[in-house]
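In what follows, a structure is listed as structure tokens, so that the remarks can point back to it.
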Amino acid sequence: MLNVFAKCRFYRQNLYLPHQSGLRVCVCSRSYILCKDFKRRRVEQKHSLYYKSPLNKILKSISTPKFDNQSFSTCKILSDDLQPSFDEKESSFNELQKYAEIESLVRHARQTFGDTLPKDYFSKEEYVVYERLFGPPLRETTILDIRGYNDTSIERPQSVLLRENEDGELEELSYESPSQSRNESSILTAHNDASHDEEFVDKDLLVESDNVDRFQPEENLQSQIKPYNEREAKAIIQLHRNHVKLIAEMEQSKEIEIEKNMYIGEDKYENNEEDQEVVSIEDEQSTEDLFTSSDANRTHPHTIASRSRSNPSTLCVPNQNFVVPVTELLTRTNPTHLQLAAEKAFGGKGLPFSVSIPSSMKHLPQKEIGLSASQYRMSEIEADAYISAVMPGAYASIMSILVEVRKRLGQTWLRDLLLSGNGEGPNVIDAGSGGAGIIAWNRIVEAEWEIMKDEGIVKGDFIPFGKSNVVTGSDSLRHRASKLLDNTTFLPRLPDYIHATQNDGNSDGGLSKGRKMFNIVIAPYILLAEKEQFKRKNMIKNLWTLVNPNGGILIIVEKGLPRGFEAVAEARSFILSTYIDSTGIKYTENDIDSSGSETREHKEKEEGMIVAPCTNHLSCPMYLNSGVSSGRKDFCHFSQRYIRPPFLQKLLDAKARNHEDLKFSYIVFRRGIDDRKNFSDLLSGDKATSQSFEGYEVHDLPESHQDEDYVETNIKFNTLSLPRVILSPLKRHGHVTLDLCTPSAQIERWTIPKSFSKVAYRDARKSKWGDLWALGAKTRVMKNLRLGNPINAKSPNFEKNLKNKVNKYDIVFGKDGFKRFERAGKKIIDRYEKRTKGGRLSKGPKPIGEDDF
1 MLNVFAKCRF YRQNLYLPHQ SGLRVCVCSR SYILCKDFKR RRVEQKHSLY YKSPLNKILK
61 SISTPKFDNQ SFSTCKILSD DLQPSFDEKE SSFNELQKYA EIESLVRHAR QTFGDTLPKD
121 YFSKEEYVVY ERLFGPPLRE TTILDIRGYN DTSIERPQSV LLRENEDGEL EELSYESPSQ
181 SRNESSILTA HNDASHDEEF VDKDLLVESD NVDRFQPEEN LQSQIKPYNE REAKAIIQLH
241 RNHVKLIAEM EQSKEIEIEK NMYIGEDKYE NNEEDQEVVS IEDEQSTEDL FTSSDANRTH
301 PHTIASRSRS NPSTLCVPNQ NFVVPVTELL TRTNPTHLQL AAEKAFGGKG LPFSVSIPSS
361 MKHLPQKEIG LSASQYRMSE IEADAYISAV MPGAYASIMS ILVEVRKRLG QTWLRDLLLS
421 GNGEGPNVID AGSGGAGIIA WNRIVEAEWE IMKDEGIVKG DFIPFGKSNV VTGSDSLRHR
481 ASKLLDNTTF LPRLPDYIHA TQNDGNSDGG LSKGRKMFNI VIAPYILLAE KEQFKRKNMI
541 KNLWTLVNPN GGILIIVEKG LPRGFEAVAE ARSFILSTYI DSTGIKYTEN DIDSSGSETR
601 EHKEKEEGMI VAPCTNHLSC PMYLNSGVSS GRKDFCHFSQ RYIRPPFLQK LLDAKARNHE
661 DLKFSYIVFR RGIDDRKNFS DLLSGDKATS QSFEGYEVHD LPESHQDEDY VETNIKFNTL
721 SLPRVILSPL KRHGHVTLDL CTPSAQIERW TIPKSFSKVA YRDARKSKWG DLWALGAKTR
781 VMKNLRLGNP INAKSPNFEK NLKNKVNKYD IVFGKDGFKR FERAGKKIID RYEKRTKGGR
841 LSKGPKPIGE DDF
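In terms of full-length UniProt numbering, the sequence shown has 644 at position 644, counting the first letter as 1, and numbering is strictly consecutive.
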């Protein structure tokens with residue numbers, strides 16, 4: 001017997017034996033002190049570490065290391081007691097094989113069902129392994145969660161026969177064909193053939209119900225989903241049957257609800273007119289667009305013409321043209337890596353340096369977008385971050401602007417563009433959104449072309465989208481944008497027509513041979529990136545030279561921030577003062593002087609106009625001082641709600657809501673054509689503001705709204721003379737307050753009470769941010785604007801004090817005569833010998849020269 005303090009190391013775990021343990025001890029070649037009793041305690045400790053893991057039984061059967069013949073004790077070592085028996089080895093192998101099968105089953109289920117799991121799919125032991133490897137499932141699996149399942153069971157084309165009638169024409173006859181295949185049994189039988197003739201087909205699953213036969217897809221589920229084993233096959237079939245049953249229940253409940261509404265509607269509108277007022281109040285509180293609602297007939301026609309919202313008011317990013325191809329592009333990128341790259345490029349969580357800023361991050365610096373479409377270097381993952389984080393919001397803002405432009409310029413403008421160029425369509429260039437502007441333009445063209453087909457103006461399926469051009473500086477972004485756009489030219493940079501115009505001696509910006517002009521120039525989010533003012537002016541000049549002088553459109557968009565508004569307002573002021581003849585001044589001074597010339601060059605302005613959002617061509621009332629202003633609270637911007645795509649929702653890690661209200665500032669110019677001159681009776685300035693305050697409720701009504709008491713007047717209605725709502729309407733009890741930018745370039749607050757006009761009051765409650773207002777008001781006051789203070793602004797008396805300032809100098813004479821000048825009133829200290837921290841001699845005071853006098 002040997003009493004020792006023994007320390008044993010086993011899997012980095014330390015165990016201590018007391019001095020009076022009374023154990024028989026032996027030593028192995030690696031100096032491990034072991035005994036039979038200690039072996040038991042070692043296994044018990046392993047139990048405590050792994051709790052009830054399937055490996056516990058395996059650990060009990062682990063053999064101990066063999067000992068050398070040399071021993072410090074006089075007792076013999078019974079090796080038979082330490083070696084495991086054959087039965088123990090076999091049981092250990094079986095346990096290990098069982099655990100491997102469970103893990104394989106769990107991993108295949110994870111691959112098939114993803115983050116979800118069917119109900120009662122695993123046993124308790126299998127679920128423990130699943131939860132340890134992947135965590136708990138998010139929710140119960142549906143058939144739509146399984147990758148590869150194509151839901152074609154709902155909208156299946158009917159079988160059609162063509163039969164010749166008496167007139168010799170072919171007519172369609174629809175018929176119901178018998179079920180072509182039994183998809184559920186095909187999955188089971190296919191898996192049965194691949195499993196060495198194992199009999200596991202459930203007879204109950206081979207029986208098709210009426211709903212399954214009715215909604216069965218044409219293609220077999222086997223061709224869509226390949227199950228791993230019998231359990232997965234049964235689970236997929238059960239999920240499919242549950243899905244079909246749910247669809248049938250939804251259709252049945254929908255039919256019952258329609259019948260119920262029809263019954264209620266007949267009883268309501270025949271006998272009770274007061275219920276219509278209740279319906280209008282409920283609709284007033286809802287966000288449903290009035291263009292398609294039942295009470296659209298109650299809206300004044302001038303109010304409908306003045307609306308500037310899209311229909312529907314919430315935009316959806318195109319699924320087939322954008323969401324699906326972008327989702328496929330992002331499958332090769334790890335979502336976590338993509339999220340980290342986007343947060344690095346766009347300012348962290350919430351992406352505050354992208355097209356929109358969360359309300360909780362407005363205190364951050366107001367910067368441009370972190371990545372630019374025109375930058376030359378962009379990695380693969382940065383290109384993925386750009387198309388997933390920037391392009392959806394850019395599409396929503398540009399789409400909202402194009403809808404407003406089309407409404408202000410009318411159908412004639414758009415249809416002339418589509419039919420121009422021998423039917424090829426207009427030239428369009430996207431200078432800053434990587435192709436999102438082209439996608440929005442194509443949607444506008446598709447909608448207008450369908451209307452023209454319905455009216456019989458055009459025929460055929462060919463849609464003249466025009467010649468599309470997109471500026472993409474990097475190859476990685478260009479390759480991705482090419483997957484989204486067809487028949488598109490990708491430019492590495494914007495064409496530089498400024499210097500070419502000067503060299504050609506055509507300084508008026510006219511057309512030159514071989515120079516490509518664009519009917520629509522979309523310039524989103526490019527001005528804020530230029531920090532210096534002269535660079536912004538050069539960018540604006542270059543954009544203006546790209547616009548077709550025969551009615552081309554220039555769209556400038558920036559983020560809905562004070563800095564973004566200031567960039568747009570600066571572009572507005574520069575174009576009005578340099579290019580457009582709107583204020584009566586037909587000539588302007590050219591700021592680029594020719595070398596060696598003492599006189600400035602003068603050039604003649606051209607015709608043009610602001611299409612939106614401004615209804616005046618005077619100085620902006622919110623941009624009184626040029627440059628940046630600190631503390632600005634009021635600025636001109638607008639909002640557009642859109643549904644985020646799934647990849648953007650995942651990129652933002654957003655779970656509460658899937659929509660976003662995008663804020664943006666914009667300005668739209670038309671070059672070469674001023675539509676205001678086409679109307680001789682068009683009001684402008686103070687006259688337009690006064691008439692808008694009086695209202696157009698009884699003036700210039702269409703024939704469909706003229707009753708017996710209608711009296712025709714000389715006042716003509718035109719949306720170019722209306723004020724615009726620049727903030728959300730304030731709806732109070734009995735009155736509505738609108739903040740308007742008037743045609744006289746003033747920001748005023750108009751109040752429309754119910755006593756003023758019931759029609760005006762109702763339409764005012766329906767008005768939205770960005771609409772024009774045509775029905776007048778009862779009171780008007782000037783709005784107090786919080787425009788902040790200009791940065792680096794000089795005091796009003798700065799130039800006066802500078803002019804009255806007198807510089808005084810003392811003339812110092814020495815023995816040899818004149819020595820130097822010294823500034824009067826300042827003590828001069830000779831510090832020529834003083835050294836700086838770096839060890840160099842100081843330069844001394846600046847000598848006085850001729851410029852100081």
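Idealized CB from N, CA, C, for every residue including glycine.
Check                                                                                                                             : Outcome
Which of helix, strand or coil DSSP assigns to residue 364                                                                        : coil
The region 135-145 touching the region 106-126, judged by at least three CB pairs closer than 8 Å                                 : yes
Neighbour-count burial assignment, residue 384, 16 or more Cβ in a 10 Å radius                                                    : buried
Own chain, CB closer than 7 Å to residue 722, minus 5 neighbours either side, in chain order                                      : 306, 615, 692, 772, 773 and 774
Three-state secondary structure assigned by DSSP to residue 750                                                                   : strand
3-residue-minimum beta strand (DSSP E) runs that sit fully inside the region 368-436, ordered along the chain                     : 427-430
Neighbourhood of residue 612 by C-beta, 7 Å cutoff - its chain only, sequence neighbours within 5 removed                         : 404, 405, 408 and 668
Inter-stretch contact at 8 Å, needing at least 3 Cβ pairs: the region 542-549 / the region 650-667                                : no
Check whether residue 791 and residue 316 have beta carbons under 8 Å apart                                                       : no
Burial state of residue 489 (16 or more Cβ within 10 Å)                                                                           : exposed
Straight-line gap, residue 447 to residue 311 (C-alpha atoms, nearest Å)                                                          : 12 Å
CB of residue 425 within 8 Å of CB of residue 465, strictly                                                                       : yes
Completely contained beta strand (DSSP E) runs for the region 555-640, where each covers 3 or more residues                       : 587-589, 602-604 and 608-612
Spatial distance of residue 749 from residue 557 (CA atoms)                                                                       : 26 Å
Cβ pair residue 752, residue 730 closer than 8 Å                                                                                  : no
7 Å Cβ shell around residue 333 - same chain, five flanking residues per side excluded                                            : 381 and 384
Beta-carbon proximity of residue 314 to residue 659, cut-off 8 Å                                                                  : yes
Inter-residue Cα distance where the pair is residue 218 and residue 143                                                           : Any answer about residue 218 is weak, because its pLDDT of 41 lies below 50 and its placement is not dependable; what the coordinates show is given next. Each residue's alpha carbon lies about 17 Å from the other.
Buried or exposed by the 16-neighbour rule on C-beta atoms within 10 Å, applied to residue 356                                    : buried
Residue(s) in a DSSP beta bridge with residue 735                                                                                 : 732 and 753
Residue 525 vs residue 433 beta-carbon contact at 8 Å                                                                             : yes
Rounded Cβ spacing between residue 121 and residue 235 (contact assumed at less than 8 Å)                                         : 6 Å
CB of residue 402 within 8 Å of CB of residue 651, strictly                                                                       : no
Chain-order list of residues whose beta-carbon lies under 6 Å from that of residue 102 (same chain, five-residue window excluded) : 126 and 129
Rounded straight-line distance, which links the Cα of residue 747 to that of residue 770                                          : 14 Å
C-alpha distance - residue 586 paired with residue 685, whole-angstrom precision                                                  : 19 Å
Given 8 Å, three or more beta-carbon pairs between the region 532-546 and the region 564-578                                      : yes
Touching by the beta-carbon criterion (3+ pairs, under 8 Å), the region 410-422 and the region 442-458                            : yes
Burial state of residue 867, where buried means 16 or more other Cβ atoms lie within 10 Å                                         : Here the chain has residues from 1 to 853 only, and residue 867 is not among them.
Residues that DSSP places opposite residue 548 in a beta bridge                                                                   : DSSP lists no partner for residue 548.
Coil, strand or helix - residue 474 by DSSP                                                                                       : coil
Three-way DSSP call (helix, strand, coil) for residue 678 in this model                                                           : helix
4-residue-minimum alpha helix (DSSP H) runs that sit fully inside the region 107-140, ordered along the chain                     : 124-134
Through-space distance from residue 818 to residue 812, alpha-carbon basis                                                        : 6 Å
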